[in-house]
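K.L.:
Structure in structure tokens, see below.
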Amino acid sequence: MTRNTSASSLNGRATLTRRSDQFLAGLADFNLVTFVTHVHPDPDGLGSMLGLAHLVETTLGKTTRLTRDGEICRAENQAMVDLLEIDLEPIENVRWQDREALVMVDSQPKTGRHTFDARVPIYAVIDHHQTPGDLTGIPYQDIRRGLGATCSMVASYMMEQHIEIPDRVATGLYYGIDTELNGFPREASPLDDTALQFLYPLANKDLLARIRNAPRPQAFYECILQALQSSFIYDRLLISWVHEMDQPELAAQVVDLMIRFEEVDWAVCAGVHAGRLILSARSILPRSQAGEILRQVVSKLGGRAGGHDRRAGGFIPLPSTSATAIEQVQSDFRRRLLKALEIEECRGHRLVSRREMLHNLQT
Ligand SMILES: [Mn+2]
């Protein structure tokens, strides 16, 4: 199939009008294309890297490499990497080369979600997060805040270029969009639906089922139990306090469960991991600005946060992991969060009463 490069004329100069043409044209002078996504890669980041690498290899014949910043946490995400055979180079092992294009997906520079050397020049940022990063000097930018998933943008590039998509790539892109949209609350656009419809017939449904139902470790259940026993309700907000978490993404898994509680509009989980208070937030209210609210709350406590309208994540560094230090940070965070959500300072009441917990232990 011939590539249909649609061009229009601006001041007598031909300009590429399709995003995928612009993205690919800018890679002409590079020998190697390296992809990065945010720390603790999720399916949207992994699927986006997988899809773009395939696009670059197929249309330009260039070498690509995919990287991993931090550990892959969720069992489902590790199953995605294993079953789709996604080859990831740990970011700390990457030796940056001349004529290497760096492409960042599903996140933006200087948002506290990357650990690689901030001086490495970035060729492209392709993302859908509401939290703004620093995009100064980046030649190619495709930021669409109204979209449910970065994988939907990548799928649209592939549709524009009419390339064949192997089933492992289609499965990765499909799962990336699916996890971003099927979680609650859903934030989708028509392009997300188009991408899902395009990818579904090409995806391997057996692999999808195995990824979705990946076996979970005991730590997951211990964390859920602790969260249930330490969830407090303040008006329409529920906060789950978790002690040491085995891995940081457990906070997101906790809030996904808690936001379903019928009596609240907001759920936040705060759990300790690697010297930080890890935060994850959900809201069921439209135009909640969850990412922005969490960002403002934690910035005064030396932390970083961001996200979408109704889903957000972040962290606050802990001065020490002594019980008193953690309690102080928890209490500052709670006070500022209540204020930001315009909830009057109050003593929270437990989701599960102490009496209930004791009774369960004795029977
Ligand atoms: Mn995403």
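Under my numbering, the first residue of the sequence shown is numbered 1446, with each subsequent residue one higher. Don't be surprised by glycine CBs; every beta carbon is placed ideally from N, CA and C.
Decide if Trp1541 is buried, meaning its Cβ has at least 16 other Cβ atoms within 10 Å, or exposed.
P.N.:
It counts as exposed.
K.L.:
Which residues, in chain order, sit with a beta-carbon under 6 Å away from any heavy atom of ligand 1?
P.N.:
Result: Asp1489, Asp1551, His1573, Ala1594, Thr1595 and Glu1625.
K.L.:
When you compare the CB positions of Asp1612 and Leu1641, do they come within less than 8 Å of one another, or not?
P.N.:
No, the pair does not count as a contact, with Cβ atoms beyond the cut-off.
K.L.:
How is the beta strand (DSSP E) around Ile1571 delimited, first residue to last?
P.N.:
Element bounds for Ile1571: Ala1569 to Asp1572.
K.L.:
With a 10 Å radius around its C-beta and 16 neighbouring C-beta atoms as the bar for buried, classify Tyr1666 as buried or exposed.
P.N.:
Classification for Tyr1666: exposed.
K.L.:
Round the Cβ separation of Thr1482 and Ser1552 to the nearest angstrom and send it over; I've been treating them as touching at under 8 Å.
P.N.:
Correct: roughly 6 Å between the Cβ atoms.
K.L.:
Could you say if the stretch 1653-1664 and the stretch 1565-1576 meet the contact criterion of at least three C-beta pairs nearer than 8 Å?
P.N.:
The answer is no - the stretch 1565-1576 does not touch the stretch 1653-1664, with fewer than three Cβ pairs under 8 Å.
K.L.:
On a CA-only basis, which of Phe1561, Gly1582, Lys1555 and Lys1784 is nearest Thr1406? Give me that one, please.
P.N.:
There is no way to answer for residue 1406, as the model of the chain reaches only from 1446 to 1808.
K.L.:
Determine, using beta carbons only, whether Val1526 and Leu1491 come nearer to each other than 8 Å.
P.N.:
In this structure, Leu1491 lies closer than 8 Å to Val1526 by Cβ.
K.L.:
Cβ-heavy atom distance between Ala1768 and ligand 2 below 7 Å?
P.N.:
This structure lacks ligand 2; the ligands present are ligand 1.
K.L.:
Considering Pro1635, what are the terminal residues of the alpha helix (DSSP H) in which it resides?
P.N.:
Residues Pro1635 to Leu1644.
K.L.:
Determine the direct distance from the alpha carbon of Leu1806 to that of Ile1571, and round the result to whole angstroms.
P.N.:
Looking at the two C-alpha atoms, the distance is approximately 50 Å.
K.L.:
By alpha-carbon positions, which one of Pro1635, Ile1684 and Val1699 ends up nearest to Leu1796?
P.N.:
When each option's Cα is compared against that of Leu1796, the closest is Ile1684.
K.L.:
Taking the beta strand (DSSP E) that Phe1706 falls in, what are its first and last residues?
P.N.:
Taken as a continuous stretch (DSSP letters only), Phe1706 belongs to no beta strand (DSSP E), as it is neither H nor E.
K.L.:
Quick check on DSSP: helix, strand or coil for Met1690?
P.N.:
Met1690: coil per DSSP, three-state reduction.
K.L.:
Nearest to Met1549 by CA position, among Glu1521, Leu1500, Ser1601 and Ser1493, is which residue?
P.N.:
If we check each option's Cα against that of Met1549, Ser1493 comes out closest.
K.L.:
Going by the CB atoms, is the gap between Leu1626 and Ala1594 shorter than 8 Å?
P.N.:
Yes, these two residues count as a Cβ contact at 8 Å.
K.L.:
His1718 lies in the beta strand (DSSP E); which residues open and close that run?
P.N.:
Element bounds for His1718: Trp1711 to His1718.
K.L.:
If you run the structure through DSSP and keep just helix, strand and coil, what is Gln1575?
P.N.:
Coil, per DSSP.
K.L.:
For Arg1463 and Glu1605, what's the separation of their Cα atoms in angstroms?
P.N.:
Each residue's Cα considered, the two are about 8 Å apart.
K.L.:
What three-state label does DSSP hand Thr1508 in the structure shown?
P.N.:
Correct three-state label for Thr1508: strand.
K.L.:
Have a look at Leu1472 and Asp1754 and give me their C-alpha separation to the nearest angstrom.
P.N.:
If you take the alpha carbons of Leu1472 and Asp1754, they lie about 33 Å apart.
K.L.:
Spatial neighbours of Glu1502 within its chain, please: CB distance less than 7 Å, with the 5 preceding and 5 following residues excluded, ordered by chain position.
P.N.:
Counting only Cβ-Cβ distances below 7 Å, and skipping sequence neighbours, we find Thr1509.
K.L.:
Which term fits His1485, buried or exposed, when burial requires 16 or more other beta carbons within 10 angstroms of its beta carbon?
P.N.:
Under this definition His1485 is a buried residue.
K.L.:
In whole angstroms, what separates the C-alpha of Tyr1602 from that of Ala1712?
P.N.:
Looking at the two C-alpha atoms, the distance is approximately 35 Å.
K.L.:
Taking Cβ to Cβ, would you say Phe1643 is nearer than 8 Å to His1794?
P.N.:
Contact flag unset, no.
K.L.:
Taking the continuous alpha helix (DSSP H) assigned at Gly1593, which residues delimit it?
P.N.:
That residue, Gly1593, is in no alpha helix (DSSP H); it is neither H nor E in DSSP.
K.L.:
May I have the straight-line CA-CA distance separating Phe1475 from Ala1546, to the nearest angstrom?
P.N.:
Those two C-alpha atoms are separated by around 6 Å.
K.L.:
Can you tell me whether Pro1488 is buried or exposed? The criterion is at least 16 other CB atoms within 10 Å of its CB, across all chains shown.
P.N.:
With 16 or more Cβ atoms within 10 Å of its Cβ, Pro1488 is classed as buried.
K.L.:
Is Phe1561 helix, strand or coil when you go by DSSP?
P.N.:
Three-state DSSP puts Phe1561 in coil, outside helix and strand.
K.L.:
Could you check how far apart the C-beta atoms of Ala1498 and Leu1477 are, in whole angstroms? I think they sit under 8 Å.
P.N.:
Their Cβ separation, rounded to whole angstroms, is 11 Å, which puts Ala1498 and Leu1477 out of contact at 8 Å.
K.L.:
Are the CB atoms of Pro1662 and Ala1524 within a distance shorter than 8 Å?
P.N.:
Cβ atoms of Ala1524 and Pro1662: not closer than 8 Å.
K.L.:
Between Gln1674 and chain D, is any beta-carbon pair separated by less than 8 Å?
P.N.:
Of the protein chains in this structure there is only one, and it is not chain D.
K.L.:
If you count every other CB in all the chains shown that lies within 10 Å of the CB of Ser1747, and 16 or more means buried, which is it?
P.N.:
Per the sequence presented here, residue 1747 reads as Gly, with Ser not at that position. It counts as exposed.
K.L.:
Rounded C-beta distance between Tyr1679 and Leu1783? I'm assuming under 8 Å.
P.N.:
Right, their Cβ atoms sit about 6 Å apart.
K.L.:
Between Leu1730 and Phe1760, which are expected to be in contact by the criterion C-beta below 8 Å, what is the C-beta distance as a whole number of angstroms?
P.N.:
Leu1730 to Phe1760, Cβ: 24 Å. No contact.
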